[in-house]
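J.:
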Amino acid sequence: DVDGAMILQPQLCRGCETRQCLLACPYGAMFETDTGVMLSKCDLCAGRRQIGLPPACLEMCPCGAIHFAAREDIPKIETQKAREACERVMGHLRPGKAREGE
């Protein structure tokens, strides 16, 4: 859709036996429906977004850890704390960096 969410077209899904799309999803977000015919996945609450509401997970997260933003807006909402955490992680991933104690 316009927000970048992948929307399934149930009329095209044949519910094939291989379930390749289910197996390919790295987030485990695709699942078989109760009817066992088609697969379903998170669509970022497309129906809610059409009426101006955010995805339900965003509203329900008690920690405020989920954000819904356009890709180009992500740098604007990045926090200093997140930048510092990223720098700490990247410090451990730099090629050629000697491990402590070596």
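Going by the numbering used here, the first residue of the sequence shown is number 539, and it counts up by one from there.
Glycine included, every Cβ here is placed at the ideal spot set by N, Cα and C.
In this text, all values refer to a predicted model and were calculated from it rather than measured experimentally.
Relative to the alpha-carbon of GLU555, which residue among GLN547, GLU570, CYS563, GLN549 has its alpha-carbon at the smallest distance?
T.: As a first step, residue 555 must be located in the sequence shown, where it is residue number 17. Measuring from the Cα of GLU555, the nearest candidate turns out to be GLU570.
J.: DSSP three-state label for GLU640, please.
T.: The count along the sequence shown starts at 1 and reaches residue 640 at position 102. Low per-residue confidence applies at GLU640: pLDDT is 49, beneath 50, and the placement is therefore not dependable enough to give any value.
J.: Which residue from ASP572, GLY629, CYS580 puts its Cα closest to that of CYS563?
T.: The sequence position of residue 563 within the sequence shown is 25, counting from 1. The shortest C-alpha separation from CYS563 is found at CYS580.
J.: Mind checking whether ALA607 and ILE615 have CB atoms under 8 angstroms apart?
T.: By one-based count along the sequence shown, residue 607 stands at place 69. By one-based count along the sequence shown, residue 615 stands at place 77. Taking 8 angstroms as the Cβ cut-off, ALA607 and ILE615 qualify as a contacting pair.
J.: Tell me whether LEU591 is buried or exposed, calling it buried when 16 or more other Cβ atoms sit within 10 Å of its Cβ.
T.: What you label residue 591 is simply residue 53 of the sequence shown in a count that begins at 1. Exposed is the call here.
J.: Here's the rule I'm using: 16 or more other beta-carbon atoms within 10 Å means buried, otherwise exposed. How should PRO593 be labelled?
T.: To locate residue 593, count along the sequence shown from 1; it is residue 55. So PRO593 ends up on the buried side.
J.: Which runs of the alpha helix (DSSP H) at least 4 residues long sit entirely within the region 561-630? Give them in chain order.
T.: Counting only runs of 4 or more, we get 584-588, 594-598, 612-615.
J.: Taking 8 angstroms as the threshold (beta carbon to beta carbon), is ARG557 in contact with chain B?
T.: This model lacks chain B altogether, as it is built from one protein chain only.
J.: In this structure, how does DSSP classify CYS518 when only helix, strand and coil are distinguished?
T.: The structure shown has nothing for residue 518, since the chain only spans 539 to 640.
J.: Using 10 angstroms around the beta-carbon of ARG582, count the other beta-carbons present and answer buried if the total reaches 16, otherwise exposed.
T.: Here residue 582 refers to the residue found at position 44 of the sequence shown. The residue asked about is misnamed: residue 582 is Leu in this sequence, not Arg. By the 10 Å Cβ count, LEU582 comes out buried.
J.: Which whole-angstrom value is the C-beta distance of LEU596 and ILE604, which I expect to be below 8 angstroms?
T.: Here residue 596 is taken as the residue at index 58 of the sequence shown, counted from 1. Here residue 604 is taken as the residue at index 66 of the sequence shown, counted from 1. Right, the Cβ-Cβ distance comes to about 5 angstroms (below 8 angstroms), so this counts as a contact.
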